[in-house]
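A.B. asks: Residues in the sequence shown are numbered from 93 upward in steps of one, following my numbering.
Backbone N, C-alpha and C define an ideal beta-carbon position, used for all residues, glycine too.
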Amino acid sequence: MFKSPEKLSFDKFRLNQLRDEPIDAFAKGLPPGIKVTPGNVSQQGWNVLNGDLPFPLLVLKDSVLEHNLRAMAEWCDRNGLLLAPHGKTTMCPQIFARQVEHRAWAITVATVKQAEVCLRFGVTRILIANQVAGIANIKSLAELINDLSKPEIYCLIDSIDGVRQLAAGLERFGATRPANVLVEWGHNGWRTGVRSLEQGMEVLAVASGFPKYLNLAGVEAFEGLASSPDGATAEGLIVDDFLNGLSNLGRLLRERMPDGEKPLLSAGGSAYLDRVLKLAQATAGDFHFVVRSGCYATHDHLHYQHKQEGWISRSAASVDLPEFSPALELWGCVQSAPQADRAFLNFGKRDCSYDMELPLPLLAVSEGRPIGEARRLQSSRITSLNDQHAYLDFSAPDHFKVGELVCCGISHPCTSFDKWRVIPVVNDDYDVIDLYHTFF
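(1) Tell me whether Arg406 is buried or exposed, calling it buried when 16 or more other Cβ atoms sit within 10 Å of its Cβ.
(2) So, with DSSP's three-state summary, where would you put Gln427?
(3) Please classify Gln373: does DSSP put it in a helix, a strand, or coil?
(4) Decide if Phe436 is buried, meaning its Cβ has at least 16 other Cβ atoms within 10 Å, or exposed.
(5) For chain B, is any of its Cβ atoms less than 9 Å away from the one on Asn519?
(6) Whole angstroms are fine: how far does the CA of Gly386 sit from the CA of Ile252?
(7) From Arg256 to Ile404, what does the alpha carbon distance come to, in whole angstroms?
(8) Enumerated in chain order, which unbroken segments of the beta strand (DSSP E) with a length of 3 residues or greater are wholly contained in the stretch 247 to 291?
(9) With distance defined between alpha-carbon atoms, name the residue in Asp144, Pro130, Asn132 and Leu110 nearest to Leu497.
(10) State buried or exposed for Gly377, treating a residue as buried only when at least 16 other CB atoms are found within 10 Å of its CB.
(11) How many Å lie between Tyr396 and Gln191 at the Cα?
(12) Let's see if you can read the secondary structure: which residues bound the beta strand (DSSP E) around Pro185?
(13) Taking all protein chains shown into account, do 16 or more other C-beta atoms lie within 10 angstroms of the C-beta of Gln431, making it buried, or fewer, making it exposed?
(14) Since Leu152 is in the beta strand (DSSP E), which residue starts that stretch and which ends it?
(15) Tell me Ile199's beta-bridge partners as DSSP assigns them.
(16) Could you have a look at Gln223 and say whether DSSP puts it in helix, strand or coil?
(17) How far does the alpha helix (DSSP H) with Cys210 in it reach, from first residue to last?
(18) Going straight from the alpha carbon of Leu75 to that of Ser487, what length do you get?
(19) Just reading off the alpha helix (DSSP H) that Phe118 is part of, what are its end residues?
(20) Evaluate Ala234 with the Cβ neighbour count: other Cβ atoms within 10 Å of its Cβ, from every protein chain shown; 16 or more gives buried, anything less gives exposed.
(21) Does DSSP put Val411 in a helix, in a strand, or in coil?
(22) What is the DSSP secondary structure of Ile502, counted as helix, strand or coil?
(23) For Thr375, which residues of its own chain have a beta-carbon under 8 Å away from its beta-carbon, when the five flanking residues on both sides are left out?
(24) Specify the secondary structure class of Val494 as computed by DSSP and reduced to three states.
(25) Quick one: residues in its chain with C-beta nearer than 6 Å to the C-beta of Thr181, no 5 flanking neighbours on either side, listed in chain order?
(26) When you compare each of Pro146, Tyr522 and His194 to Met164 by their alpha carbons, which one comes out closest?
(27) Can you tell me the Cα-Cα spacing of Gly495 and Arg106, whole angstroms?
(28) Determine the direct distance from the alpha carbon of Pro303 to that of Glu421, and round the result to whole angstroms.
(29) Which of the three DSSP states, helix, strand or coil, is assigned to Phe379?
(30) Taking the alpha helix (DSSP H) that Ser405 belongs to, which residues open and close that run?
(31) Pick helix, strand or coil for Phe544, following the three-state DSSP scheme.
(32) Going by the CB atoms, is the gap between Pro516 and Gly140 shorter than 9 Å?
(33) Whole angstroms is fine: what's the gap from Asn142's alpha carbon to Phe102's?
(34) If you follow the beta strand (DSSP E) that Val311 is part of, which residue opens it and which one closes it?
(35) Could you tell me the alpha carbon to alpha carbon distance between Arg111 and Gly131, rounded to whole angstroms?
(36) Just how far apart, CA to CA, sit Thr475 and Glu315?
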């Protein structure tokens, strides 16, 4: 059975402890020789453009983050959806807290260790969107379940062997309550998940034999791996077919549940929000529908911006869809300009994501000048990254001098956050107003 969608809690005392914890000067992006806390950093008078912090620097724009959080929360409310934002994107308790304030039903994670971070900060409903396998991981899961706060823990199953190992492990390590499990729906050539309804029913049947340790709560899928060389419309059709399979599996589970009980049905949502909405509308009343998007919080300038353009192009103007804006920017300094068509910025693979697309040069400005004087770049692109160098190729009218600051957009927030232990939060004038911790 699936428990009622009660309001999620967050431990503000522990969050305040984090705000008062000094950050040592060895943290990347902070000036040397000074200890500062997230709670008092706004009193330092730091401004990114004035040279108060060393470069490179990943910054989080507060107003844009707030817009994205509010847009998703209001969209979910309007459409009767529960939101369990994927915390593995940011692994940032300060962002988790803001998501909870914006009515998140749960926080999603990918590993038991990430779930431990959530529990440390008082998140009491955690969806591990992964199978939990291996003795040490199952032992840790049992310890989470047995925590005095009695958290509501969910995880995925997709095989008979996995079900039996999970149940046996929870018994071995003394779990006092069952883990809530979701059967994952998959796709040939993609990632985890059952490949057919028959396989899904076999997993459901075996899992139902361990009621003391496994509570069948629903079904889950991740549609974000869909792709087609034929463009956004073709991708949408692939996702529709995939999500129809998910809903069919969910209906089979619902038939096994007592009358009046509805299972949880969960999809991703970051890349194909329009298709997820279509499924939610088609199955309204049949399930508790949970969206697990993580990248919506900060969005990006490339991959997810392209995906957003795709869902807008596929949808009629009357379709209710949120629009997100990029909240992360990577700032670097021109450290060398040895050629008329190439300069080098002082960031590299240790500072930004590079698994999807390389950073996108957006603006250039002289250090010490306000953002209103920045010039928009037209022909510049990052063509390669080394560990600590970015190859900035350009042609007229773009031009660069050593010491200039260059603002770049990123692609794929998940693999940008993990490069930074501390991320400055800035207002629209690039004053530093907070420092956000990450726990990777």
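C.D. replies: In short, the structure shows the following:
(1) buried
(2) strand
(3) helix
(4) buried
(5) Of the protein chains in this structure there is only one, and it is not chain B.
(6) 29 Å
(7) 43 Å
(8) 271 to 277
(9) Asp144
(10) exposed
(11) 19 Å
(12) Counting along the chain, Pro185 falls outside any beta strand (DSSP E), though it belongs to the alpha helix (DSSP H) covering Pro185 to Glu193.
(13) exposed
(14) Leu149 to Lys153
(15) Ile218
(16) strand
(17) Val204 to Arg212
(18) Nothing about residue 75 can be reported from this structure: the residues present for the chain run from 93 to 532 only.
(19) No alpha helix (DSSP H) holds Phe118; DSSP gives it neither H nor E.
(20) buried
(21) coil
(22) coil
(23) Ser339, Gly342, Leu357 and Phe381
(24) coil
(25) Gly386, Cys387, Pro505 and Cys506
(26) His194
(27) 40 Å
(28) 48 Å
(29) coil
(30) His395 to Arg406
(31) Past the boundaries of the shown model lies residue 544; the chain is included only from 93 to 532, so the question cannot be answered.
(32) Before going on, a small fix: residue 140 reads as Val here, not Gly. In this structure, Pro516 lies closer than 9 Å to Val140 by Cβ.
(33) 36 Å
(34) Leu306 to Ala313
(35) 5 Å
(36) 30 Å
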